[in-house]
Amino acid sequence: MTRPVFRFAPSPNGPLHLGHARSALINGALARASGGRLLLRIEDIDATRCRPAFEAGIYEDLAWLGLDWERPVRRQSQHFADYRSALARLEALDLIYPSFETRGDIRRAVAERSGWPSDPDGAPLFPFPRAAMSAAERARRVAAGEPYALRLDMARAQALAVARAGPLAWREVDAAGEGTNIAADPLAWGDVILARKEVPTAYHLAVVVDDALQGVTHVVRGADLKAATSVHRVLQVLLGLPAPLYTHHALLLDAEGRKLSKSIGSQSLASLRAEGVTPDEVRRLAGL
1 MTRPVFRFAP SPNGPLHLGH ARSALINGAL ARASGGRLLL RIEDIDATRC RPAFEAGIYE
61 DLAWLGLDWE RPVRRQSQHF ADYRSALARL EALDLIYPSF ETRGDIRRAV AERSGWPSDP
121 DGAPLFPFPR AAMSAAERAR RVAAGEPYAL RLDMARAQAL AVARAGPLAW REVDAAGEGT
181 NIAADPLAWG DVILARKEVP TAYHLAVVVD DALQGVTHVV RGADLKAATS VHRVLQVLLG
241 LPAPLYTHHA LLLDAEGRKL SKSIGSQSLA SLRAEGVTPD EVRRLAGL
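Residues in the sequence shown are numbered from 1 upward in steps of one, following UniProt numbering.
Here it is, written out as structure tokens:
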């Protein structure tokens, strides 16, 4: 019987905090309980924010918590060819297109449209329809060297995915091991970015390609990523990739009710360690 495969996949763009510890420890516990494997993946596609020192800190923090993982560690920055291959397959299906609008362009367009919808993360849906610019004009601007993002034509992508696989859903498994089918709603995300001119991937594409190539069978991650699974299911169907089982665990919140994050300066595991906090105390603080 195939052993279950779990993974913890942090980005080295800042120090790990208690929220990361919770997710890593849950994955480690599930891997041990099931006789499975635990992988560590370094999601370092953002070269402007990721740093070797943060990556080294990830290894130190996880080892301090008593976790062990298989080697070698997959680093996304070393596997761009895998993502280019996936993009080429989507391009052959005419499902991706270059867009040239800046964040400012999007903000201004949305400001002019009362009640414009947002995606599940709260960002406005991309407001510029693909049909507003010809394929020839897009190709001309790419050839001219203009910066661009590669977006997924979500309406066409969903239609093709449904034609291939029927209604889109994923299997959500709770802490008791009970599974439920969750209907996917990829249109809620609009035309998401899959890559940029300078980097041949973005989160949604990289995560489904990596999970498939690494044989991940159980994706256990925070509840803030649950809605994004709708996008991942579309890509899995279109690229012919297997669908893991998913578990989206509760997040840790700070005193103001915000999820712990690097962006708000949540206390790092390294600073807790420096204060004399033990791994067992971290487990308690992480709700475990």
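Idealized CB from N, CA, C, for every residue including glycine.
*Helix, strand or coil at residue 83 [DSSP, three-state]*: Counting from one through the sequence shown, the residue named residue 83 turns up at place 83. DSSP places residue 83 in helix when its eight states are reduced to three.
Rounded to whole angstroms, how far is the Cβ of residue 238 from the Cβ of residue 161, which I believe are closer than 8 Å? The count along the sequence shown starts at 1 and reaches residue 238 at position 238. The count along the sequence shown starts at 1 and reaches residue 161 at position 161. Taking 8 Å as the upper bound for CB-CB distance, residue 238 and residue 161 are in contact here, some 6 Å apart.
Q) What's the gap between the Cα of residue 98 and the Cα of residue 271? A) By 1-based counting over the sequence shown, the position of residue 98 is 98. By 1-based counting over the sequence shown, the position of residue 271 is 271. Going by the C-alpha atoms only, they are around 43 Å apart.
My understanding is that residue 216 touches residue 71, with C-beta atoms under 8 Å, so please give their C-beta distance in whole angstroms.
On the sequence shown, residue 216 is found 216 positions in, with the first residue counted as 1. On the sequence shown, residue 71 is found 71 positions in, with the first residue counted as 1. In this structure residue 216 is not in contact with residue 71, their Cβ atoms being roughly 16 Å apart against a cut-off of 8 Å.
Within 8 Å, strictly: CB atoms of residue 302 and residue 103: Since the first and last residues shown for the chain are 1 and 288, residue 302 lies out of range.
Might you give, ordered along the chain, the residues of its own chain that have their beta carbon closer than 6 Å to the beta carbon of residue 226, omitting 5 neighbours on each side? Within the sequence shown, the letter at position 226 stands for residue 226. 248, listed in sequence order.
inquiry  = If I follow the unbroken alpha helix (DSSP H) through residue 52, where does it start and stop?
reply    = Mapped onto the sequence shown, residue 52 falls at position 52. Here the alpha helix (DSSP H) through residue 52 covers 52-64.
key: Backbone CA spacing between residue 130 and residue 141 [nearest angstrom]   = Here residue 130 refers to the residue found at position 130 when the sequence shown is read from its first residue. Here residue 141 refers to the residue found at position 141 when the sequence shown is read from its first residue. Taking the straight line joining both Cα atoms gives about 15 Å.
Counting Cβ pairs closer than 8 Å, one from the segment 11-27 and one from the segment 250-268, do we hit at least three? Two segments are said to touch when three or more pairs of C-beta atoms, one from each, lie closer than 8 Å; by this definition the segment 11-27 touches the segment 250-268.
| task | Going by DSSP, name the residue or residues bridged to residue 170. | result | Position 170 of the sequence shown holds residue 170. Beta-bridge pairing links residue 170 to 182.
Test item: CB-CB of residue 121 and residue 190 under 8 Å:
Position 121 of the sequence shown, counted from the first residue, corresponds to residue 121. Position 190 of the sequence shown, counted from the first residue, corresponds to residue 190. No; because the gap between Cβ atoms is not below 8 Å, this pair is not in contact.
Exercise for review: Please check the pair residue 152 and residue 96, which I expect to be a contact at CB under 8 Å, by giving their CB distance rounded to whole angstroms.
Suggested key: Translated into positions along the sequence shown, residue 152 becomes position 152. Translated into positions along the sequence shown, residue 96 becomes position 96. About 6 Å separates the two Cβ atoms, so the contact holds.
- prompt: Going along the chain, which residues of its own chain have a beta-carbon closer than 7 Å to the beta-carbon of residue 124, five neighbours each way excluded?
  reply: Within the sequence shown, numbered from 1, the residue matching residue 124 stands at position 124. Closer than 7 Å at the Cβ level, and outside the excluded window around residue 124, lie 106, 110, 116 and 118.
Query raised in the report: What's the C-alpha gap between residue 53 and residue 163?
Result: Locating residue 53 in the sequence shown gives position 53, where the first residue counts as 1. Locating residue 163 in the sequence shown gives position 163, where the first residue counts as 1. Between the C-alpha atoms of residue 53 and residue 163 there is a straight-line separation of about 46 Å.
Task: Rounded separation between residue 35 and residue 137 - CA only - done: The residue given as residue 35 occupies position 35 in the sequence shown. The residue given as residue 137 occupies position 137 in the sequence shown. Going by C-alpha positions, residue 35 is about 54 Å away from residue 137.
Residue 3 - DSSP class collapsed to helix/strand/coil: Taking the first residue of the sequence shown as 1, we reach residue 3 at position 3. Judged by DSSP in its simplified three-state form, residue 3 adopts coil rather than helix or strand.
Determine the closest residue to residue 245 out of 173, 165 and 202, with distance taken between C-alpha atoms. By 1-based counting over the sequence shown, the position of residue 245 is 245. Per the Cα distances, 173.
Residues in the same chain with beta-carbon distance under 8 Å from residue 135, minus the five sequence neighbours each way, listed in chain order, please. The residue labelled residue 135 in the question sits at position 135 within the sequence shown. Excluding sequence neighbours, residue 135 sits near 97.
| Presumed contact (8 Å Cβ cut-off) between residue 241 and residue 194, rounded CB distance | Indexing the sequence shown from 1 puts residue 241 at position 241. Indexing the sequence shown from 1 puts residue 194 at position 194. Not a contact, Cβ separation roughly 14 Å.
| message | Could you check whether the segment 197-213 touches the segment 69-88, counting it as contact only if at least three pairs of C-beta atoms, one from each stretch, sit closer than 8 Å? | response | In the pairwise beta carbon analysis, the segment 197-213 is classified as touching the segment 69-88: at least three pairs are separated by under 8 Å.
TODO: Decide if residue 258 is buried, meaning its Cβ has at least 16 other Cβ atoms within 10 Å, or exposed.
DONE: In the sequence shown, residue 258 corresponds to position 258, counting from 1. Exposed.
Residue 92 versus residue 268: straight-line alpha-carbon distance, rounded: Taking the sequence shown and counting its residues from 1, the one referred to as residue 92 is at position 92. Taking the sequence shown and counting its residues from 1, the one referred to as residue 268 is at position 268. Each residue's Cα considered, the two are about 44 Å apart.
Which partner residues does residue 268 have in the DSSP bridge list?
Along the sequence shown, read from residue 1 onward, the residue named residue 268 stands at position 268. Among the bridge pairs identified by DSSP, residue 268 is matched with 17.
Legend entry - Distance CB(residue 209)-CB(residue 26) smaller than 8 Å: Taking the sequence shown and counting its residues from 1, one reaches residue 209 at position 209. Taking the sequence shown and counting its residues from 1, one reaches residue 26 at position 26. Not a contact, by the Cβ cut-off of 8 Å.
field: Opening and closing residue of the alpha helix (DSSP H) in which residue 118 lies
entry: Here the question's residue 118 lines up with position 118 in the sequence shown. Counting along the chain, residue 118 sits inside no alpha helix (DSSP H), nor does DSSP assign it H or E at all.
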